[in-house]
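Residue numbers (this note's numbering), protein chains in the order written: chain A, 4 to 262; chain B, 97 to 335. Note that beta-carbon positions come from the ideal geometry of N, C-alpha and C, so glycine has one too. This structure is a prediction, so every number in the text was calculated from the model and none was measured. Read through the structure below, which is laid out as structure tokens, and then see the notes.
Written as structure tokens, this is what we have:
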């Protein structure tokens, strides 16, 4: 048996992790939408953290951008007591009040990931900031940090609590703050993956570029604070979700890649 | 400030670092999955409703029919509108993919309907406010098409339509193919907190803390008959 030691240099500053160009294995054998395959990627620099409320506020301050949720008053929010996969329409919710006016604002949460944005809103931010979303494959390669298993640490699902802000309750009828957070956590509150990316699993779903057959849908990965092992279970490097491009949920966010 | 990190990546043999595998769904399972996901299309004012939905889909600004057009629909046309168009959104991970032996399983929950969208409050209110009519139209349409689509099953669940149990039990037994009808019967018993069901082994397997959203019972005639008998007993106990 041959073990090959590959040494490469990865440059990063406090905000971005450099991923070298190369061939990478992604997907999972037997997975209906993310089959096992080799992809060839150009080098890219991906944010170590999910984009924060502070960063999005800077964009709005300059541009006066109005989000989909503000224009259409159709954001979907969560509160304990809802059945699995059920969310509430809340006309008062938008990124400054991710779960509606009555559930509090982000004043004390500027270092949390920004949420309650649609894919369309995120495109506007990226254009202004001169960044882009990662492709499915770029996101997956960065999240795996060299691993070929479902999780970047291996197969043991039980270790998720070390690395991710997720929902530990058996259902969503009762609040769960057992890991310190019911909704989002400040970015970087949990241990990073071996390449220095924080919150690749949990905290917020992260939008990616790419389509899975249906051009009208967009996709986000990595699971969120809402996701539990009982329902969803998407906090891994394999699963890919699907959402409407104008949908604004309080568990959907993003991380960026340098252009 | 830029720093440089030396990354050591061990490229181990495939035997020790093989990507986890999951068994793939076979042709029969994929065919059953597609069958499960099919929605019923009501015939009532279908052309008119489809034309209105096209107008919505052409707009970047809304997913819902405006009040004037909506109020101009008859009850039957509103029924069609709600059954083929959802005005709100569903969660990113609210998707169910084909899985091995899907046709041999009776699941704890119904798969989500309408893909990226879900019924709005206005639409859910319509089902409750017009309960008897909605139930009658579902029966009429299902009998005509010989199919209770996923949208109809979701509507019955949203309405908590316990009164539909005899219809569902009889409908299932026509061809015993659509196991999600059995799922719906169990969900109606669960939501009603029907004691004999709550204390059953089936409930423990599907809805207890040991279960998850994707739990299932093995499909066999004994399980099918047991679910139908329990649901019928539940229905009769309410009289």
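- When the alpha-carbon of residue 245 of chain A is set against those of B:330, B:299, B:187, B:310, the nearest one is in B:187.
- For residue 137 of chain B, same chain residues with a beta-carbon under 7 Å away, outside a window of 5 residues either side, are 180 in chain order.
- Among the residues of chain B, those whose CB is under 7 Å from the CB of residue 87 of chain A are 309, following chain order.
- Interface criterion met: the Cβ of residue 120 of chain B is under 7 Å from a Cβ in chain A.
- Under DSSP, residue 92 of chain A shares a beta bridge with A:79.
- Taking a cut-off of 8 Å on C-beta distances, the segment 167-180 of chain A touches the segment 82-89 of chain A, as three or more cross pairs fall below it.
- A straight line joining the alpha-carbon of residue 159 of chain B with that of residue 72 of chain A spans about 13 Å.
- Note that the C-beta distance between residue 101 of chain A and residue 118 of chain A is below 7 Å.
- Taken through DSSP and simplified to helix, strand or coil, residue 223 of chain B comes out as helix.
- By the neighbour-count definition (other C-beta atoms within 10 Å, threshold 16), residue 164 of chain A is an exposed residue.
- Close to residue 158 of chain A, with beta-carbon spacing below 8 Å, are these residues of chain B in chain order: 116.
- Contacts with chain B (Cβ-Cβ distance below 8 Å) from the segment 26-58 of chain A involve 28, 30, 31, 32, 33, 34, 35, 36, 39, listed in chain order.
- Taking 7 Å as the threshold, the shortest C-beta distance from residue 223 of chain A to chain B falls below it.
- Proximity of the segment 109-128 of chain A to the segment 150-161 of chain A falls short of the contact definition, fewer than three beta-carbon pairs being nearer than 8 Å.
- Taking 7 Å as the Cβ-Cβ cut-off, the segment 237-257 of chain A approaches chain B at 237, 244, 245, 246, 247, 250, 252, 255, given in chain order.
- The Cβ-Cβ distance between residue 168 of chain A and residue 148 of chain A does not fall below 7 Å.
- Chain order gives no chain B residues near residue 196 of chain A, where near means a beta carbon separation below 8 Å; the closest approach is about 12 Å.
- Secondary structure at residue 252 of chain A: strand, using DSSP grouped into helix, strand and coil.
- DSSP, reduced to helix, strand and coil, places residue 202 of chain B within a strand of the structure shown.
- Take residue 197 of chain A, set aside five residues on each side of it, and the residues of its chain with a beta-carbon closer than 7 Å to its own are 148, 149, 155, in chain order.
- A residue is called buried once 16 or more other Cβ atoms fall within 10 Å of its Cβ, and residue 28 of chain A is buried on that count.
- With respect to residue 228 of chain A, residue 206 of chain A sits close: the two C-beta atoms are nearer than 7 Å.
- A check of alpha carbon separations from residue 235 of chain B across B:268, B:319, B:205, B:324 identifies B:268 as the nearest.
- By the criterion of a C-beta distance shorter than 6 Å, residue 142 of chain A is surrounded in its chain by 211, 224, once the five residues flanking it on both sides are discounted.
- Assignment of beta-bridge partners to residue 213 of chain B by DSSP yields B:185.
- Contact between residue 185 of chain B and residue 79 of chain A holds, since their C-beta atoms are separated by about 6 Å, short of 8 Å.
- For residue 178 of chain B, the enclosing alpha helix (DSSP H) has its first and last residue at 171-180.
- Around the beta-carbon of residue 174 of chain B, 16 or more other beta-carbon atoms lie within 10 Å, marking it buried.
- With 16 or more other Cβ atoms inside 10 Å of its own Cβ, residue 221 of chain A counts as buried.
- In this structure, the beta-carbon distance from residue 145 of chain A to residue 49 of chain A falls below 7 Å.
- Taking all protein chains in view, the Cβ of residue 37 of chain A is crowded by 16 or more other Cβ atoms within 10 Å, so the residue is classified as buried.
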